[in-house]
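Line by line, the protein sequences give chains A, B and C. Take the first sequence: its position 45, counting from 1, is numbered 325 in this note's numbering, and each next residue is one higher. Take the second sequence: its position 110, counting from 1, is numbered 184 in this note's numbering, and each next residue is one higher. Take the third sequence: its position 243, counting from 1, is numbered 255 in this note's numbering, and each next residue is one higher.
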Amino acid sequence: MSDEHESRSGDRADASSGLSRRSFLRGGAAGALATGALLGTEPVRGAAQAGETGASFVGPGEVGIELRVNGAARQLRVEPRVTLLDALRDRLDVTGPKKVCDRATCGACTVLEDGRPIYACTRLAIEAEGREITTVEGLGNPDGLHPVQAAFVAHDAQQCGFCTPGFVVAATALLAEHPSPTHDQVVQALGGNLCRCGTYAGIRRVVHDPGRG
Amino acid sequence: MDAFAYARPRTVDEAVELLTVGDAAVLAGGTDLLSLLKDGVERPRRLVSLLAIPELRRIEEAPQGLVIGATATLAELRAHPRVVAEYPALAQAIDGVRAPQIRNMGTVGGDLLQRPRCWYYRSGFGLLAMRDGESMVVAGDNRYHAIFDDGPAHFVSASSLAPALVALGAKVRLRAGGEREVTLASLYRAPRRDGEREVDVEANEVMTAVVLPPVHGARSATYEVRERESLDWPLAAAAVVLWLRGGNVREARVVLGHVAPTPRNAAEAAAALVGGPLTEERAAAAGAAAVAGAKPLRHNAYKVQLASVAVKRAALRAAGTEV
Amino acid sequence: MADYSWPEPDSQGVLRKSYHRLDGAVKASGAAKYSSDENLPGMLHARVLTCPHAHARIERIDVEPARRMPGVRAVRVIQDAGSEVQWALDEIAVVAADTDEIARDAARAIVVEYQVLPHFVTEEDLAAAPDAKPGAEETVGDPDAGFAQAEVAIETRLGMPQIAHMCLEPHGQVAVWEGSELTVHISTQAVSTIPFQLAEPLGVPASSVRALCEYMGGGFGSKFGPERWGVEGARLAKDAGRPVKLFLERDQEVAVAGSRPSSFAKVRVGATSDGKLVAWESESWGSGGVPGTSAIPIPYVFTGIPHQRKKHVSVPTHMVGARAWRAPNHPQAAFVTMSALDDLAARLGMDPLELFRKNLDLAPESLRETYAEELEIAAELMRWKERWRPRGERQPGPVQRGLGLSIHTWGGRGHRSACEVTVQPDGSIEAKIGTQDLGTGTRTVIAMVLAETFGLEPHQVKVSVGDSRYPQSGPSGGSTTVGGVSAATRRGAQDALREVLAKVAPELGVTADQLEAVGGRVRVVGQASRSLSWREAAAKIGVVPITANGRNPGPPADLTNSGVGGVQMADVSVDLETGVVKINRLVAVQDCGLVINHKLAESQVFGGMIMGIGYALYEELVADPVTGRPLNANMELYKLASIADVGELQVHLMDTPRHQARGVIGIGEPPVISPGAAISNAVANAIGVRVPYLPITPRRVLDALAASSGKAS
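Pasting the structure below:
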């Protein structure tokens, strides 16, 4: 599997390397490292941190990256086009975040990036390097639920449960900022998440529950 | 989504250089670009990320006004005390983006340069969506399209912030070889032919900042009409800026959003607001003036009224009336 | 023969209490593995190439570019050259590859040449339909005489578009072969019937196919079959010799994986001047895509209108065939009927609540009493009598408020189901049942019935569902699951308990029928001191576990029943200047027989109301008249209601001894039936005119207002 993968990546990288190389020459960027990166063998993280080599293209073949997910450093190889969501679900088996609209609309893929909710379907994995990613799994587990997760259970704020991981993450961010949110704050915080089963009555009880946590 | 090469420059000059390679797109928050890539509407072979360029993220107070780095997020801009205090139209426009995920990811430059949501464009039929010499928009379902005749383009400008920023007199800085500063209003244009873009930005140009001039006590507001309270595209929007003296409107600016291929400056509406106190009648007259030249399509006549009401309510809100 | 019954209200230990759903913690923590979360070793990812045209003939297809791509492991042509494609986004070919990205690249690399053919997707315009299929006219009584007798009559034209199921978890499965044995991890509403449905096209014995579905992300009537992508996914896995994951992309999910037919009707209804309905006439039409659509049951609820004339026209379009959508045909029938009656009440200057009440004798006899009670309760909750104002009575300012109501009915009798209950000598208990939990709380209900029967708490028993190797249980459709699984579980549990009690009886010196299992103990009835703990009692069965098979035989059954009634009332605000409708409050009063778990039953009702608000105000599958393609096959412009849009929701369950005595009846579907009608009626009450089409968007409100002012001037 990986053999064909590499050769494929190499082929495609070569196709763009001519142009890129010209730009290095003209721009005077460090060519040696950049060429390695073009073949998809250099970790971008290193390149970006090195500063002067940030001005070079990597990919389109697989590149090594490191993500921090739920407190753990995870190394993986992805093409630059792979989204954070696909990296989490397909490469790291972190399947709490769900793939639903895949277009920054429904919120089922919501994760925290440095504490702020984002759509993982619309962040490239390579762009999430150096950020602290927290998924619903990172908030708690079935035997040790986060208070917001426990409130989702207590108020039956879930049915099929497919939107729930995204709502839990978005609600956690809301409640961290506003423990007793107003209606407007709830709209602003949860307006980017959708449910199909119709669990909003329960979710409202979660965010307005004075006993939570 | 086609495969692409990716670069994360640390300076604007590096970014420009990478873009100059060609067949490259600028990636900032990605909230629009990634959808375009996934839908195959855009297929660049290279992406140049701006998120690692520190200078683009800053929001600074300068003599010429508030200088907002192009990759400052909507959330960062919303949190800036001067935005809240002096530019309520802008704050309200950001509040109209009803998803924290978008406000945390989306950047000011990305909002201003996002591509239209026209469902023909997004289906791959091009910005003008012409087929056999006919506009698919005119022949098809145009419920969300433009109500002003700006030539062959019928999509609506999708930017949430542009109406407010144009009304507030914002300028933008762009850098390629050198840097230019132009009014935000002048950036937008209705394309006349296939392949022409809706913004006047060169392929290797990077928007570096939005400059928001001081408004010297002006009042302002944005009003959006939307189907849903949650994340949803406005059907019509208006931003109004008022300069009052002794209770009378001395000067006004009115800009419509989501009703034309560009944010639409409604000078007639502004004129209707000037000269007396901001009454409901005056605001309604401005609304009527704003849409006097509207030429709706088959399915979107309702948007004429919505635009008119948006102007009226934005004006009243700017003057401090609850709407 | 043993008899089976539910415990009397005063001896219920667990039933009717609001236990948390048992899988709540695994779902809320992201630990639940849905079918689409499976990541198996060596698993390939599959993507489907779809047709961009609504109607076209395939001239040529070349899959070689895909086959040649590194990382591609299997390619299948689904529709070959010469095939005629009948709807956009229909499946043409499918590719399995090492990664999802490669699979997408490969699907896009396939070359297809089409001859584009004419399409028709705008069935609202019946006259333009090229292939309309009129049904026979049906009459009841003498409609002409009926209308002659009517002192007041209204005519109206109403309609609602095709809408999508929009399951958040897309349709699909992971297929794994081990030799000639196939296992599918599938997102389904019908674990027990999947093996046979898959086996036939694959040419393998159904006994060699196993379907697993531990958790699934929504079905709403669209996930009964494996569908073509299920069959092709299994074939790809066979061809590649590796597990294959194939789940649909969102655009396919919206456009082809499930929709509800559109429905339009021209209605005339007549009444005497005191509001007694005497005559009904309707011409209805609609489309569920290629197959057209069947007639909707109108007049709805008020089926006894003495004189009726009805005609239905089925209109095929170039859209995918519809699937059962939560309460098939009922929301359409309720909207058409209740809107027409509301217009009639307005014409009569009558409160519609009075008109509905006055005509309850035209509803099925078994429901009249329930409706009368429910109308009373709903009116009380809504403060209808104080707050209702005649249609169109304007308040100052642009925002007008209005009230509306609707009533509905549904069956909901338990389906055929089996359940295997095993009691181990250590007292542990497991129920195995080939059902699935769609998020309705099926697992929790089974656990509660088990626990109730054995005198334990739900967390002390084990429930295993979601595997076709477990005893068969019917598909989760028609609100039949709760009745089916609870009846089968109760029977199996009662049988198993009787066996345990027979072993324990000698120990306590009584006969088995003198024993009961209550509060974690087995005791002599009436003598709490003569008892054993459940664990001690179970130890008496020896080393061989006791297994009993409960079976809900289908009708007539003793533990489940059919036929419920519900009433909903809406309070809305409409902005006359923008046409924006806001739900202030929606009240649902619902009968569902014996309520097993109040919280979960209420969740079902909330869910139905919210889904109903969605189709009342926002949802529409927009087909492009130019290309025939859906224009909003996404979640951005196919609009679901959000948490900000649903107003205050209130649920009242008719949990009286009379209703409980009927046994368990499903509640998944009834609450979704009335919101469209109740909200439409409330909007008409607020603004003075009917907005004839759903969803009630600003465009439709402003158009209706403009049309009425045009008429007036």
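In this text, a Cβ means the ideal position worked out from N, Cα and C, and glycines have one as well.
Secondary structure of isoleucine 206 of chain C (DSSP, three-state): helix. Not one beta carbon of chain C lies nearer than 8 Å to the beta carbon of proline 490 of chain A. The C-beta distance from alanine 93 of chain C to isoleucine 70 of chain C rounds to 5 Å, short enough to meet the 8 Å contact threshold. In this structure, DSSP gives cysteine 192 of chain B a state outside helix and strand, which the three-state scheme calls coil.
Here the alpha carbons of isoleucine 122 of chain C and alanine 718 of chain C stand approximately 50 Å from one another.
Runs of the beta strand (DSSP E) spanning 3 or more residues and lying entirely within the segment 209–262 of chain B occur at 245–249 and 253–257, in chain order.
Residue contact check for methionine 281 of chain B against chain C: no CB pair falls below 8 Å. Closest in C-alpha terms to cysteine 381 of chain A, from the list B:Leu352, B:Asp113 and B:Val100, comes B:Asp113. Contact between the segment 480–488 of chain C and the segment 533–551 of chain C is not established, with fewer than three Cβ pairs separated by less than 8 Å.
Where methionine 281 of chain B is concerned, the enclosing beta strand (DSSP E) starts and stops at 280–286. Contact annotation: the segment 429–446 of chain C does not touch the segment 400–414 of chain C, with fewer than three C-beta pairs closer than 8 Å. At a cut-off of 8 Å between beta carbons, asparagine 350 of chain A makes no contact with chain C. Listed in chain order, the non-local C-beta contacts of leucine 140 of chain B below 6 Å within the same chain comprise Arg156 and Leu286, local neighbours out to five positions each way being set aside.
Taking 8 Å as the upper bound for CB-CB distance, isoleucine 142 of chain B and valine 86 of chain B are not in contact here, some 15 Å apart.
For the 8 Å CB-CB criterion, valine 411 of chain C and serine 585 of chain C form a contact. For aspartate 657 of chain C, the C-beta contacts it makes with chain B under 7 Å involve Arg302, Glu303 and Ser304, in order along the chain. For the C-beta of asparagine 278 of chain B, not a single chain A residue is nearer than 7 Å; the gap to the nearest is close to 11 Å.
Rounded to the nearest angstrom, the Cβ distance from leucine 125 of chain B to threonine 145 of chain B is 6 Å, consistent with a contact under 8 Å.
Secondary structure at lysine 474 of chain C: strand, using DSSP grouped into helix, strand and coil. Under the three-state reduction of DSSP, threonine 385 of chain A is assigned to coil, being neither helix nor strand.
Counting only the Cα atoms, serine 299 of chain C lies some 25 Å from aspartate 355 of chain C. The count of Cβ pairs closer than 8 Å, one atom from the segment 243–258 of chain C and one from the segment 302–316 of chain C, stays below three, leaving the stretches out of contact. For arginine 641 of chain C, the neighbours in chain B by C-beta distance under 9 Å run, in chain order, Ser197. In its chain, beyond the 5 residues on either side, Ser47, Thr195, Val196, His197, Ile198, Val203, Gly478, Asp479 and Ser480 have a beta carbon closer than 8 Å to the beta carbon of leucine 224 of chain C.
Distance from the Cα of threonine 709 of chain C is smallest, within the candidate group B:Arg300, B:Glu134, B:Ala227 and B:Ala203, for B:Arg300.
In this structure, DSSP gives asparagine 561 of chain C an extended state, which the three-state scheme calls strand.
Using a Cβ distance threshold of 8 Å, valine 256 of chain B and valine 246 of chain B count as a contacting pair.
Counting along the chain, the unbroken beta strand (DSSP E) around methionine 581 of chain C starts and ends at 576–587. Residues of chain C whose Cβ lies closer than 9 Å to the Cβ of isoleucine 483 of chain A are, in chain order, Ile655. Within chain C, Arg711 have C-beta atoms less than 7 Å from the C-beta of arginine 217 of chain B, given in sequence order. The C-alpha of leucine 170 of chain C is placed about 29 Å away from the C-alpha of serine 382 of chain B.
Three or more pairs of CB atoms, one per stretch, sit closer than 8 Å, so the segment 79–95 of chain C contacts the segment 250–265 of chain C. The segment 303–323 of chain B and the segment 464–478 of chain A touch, with no fewer than 3 CB-CB distances between them shorter than 8 Å. Taking the CA atoms as reference points, tyrosine 16 of chain C sits about 22 Å from lysine 474 of chain C. Listed along chain B are Val299, Leu380 and Val383, each with a C-beta nearer than 7 Å to that of threonine 590 of chain C. No Cβ-Cβ contact shorter than 8 Å links leucine 186 of chain B with tyrosine 195 of chain B.
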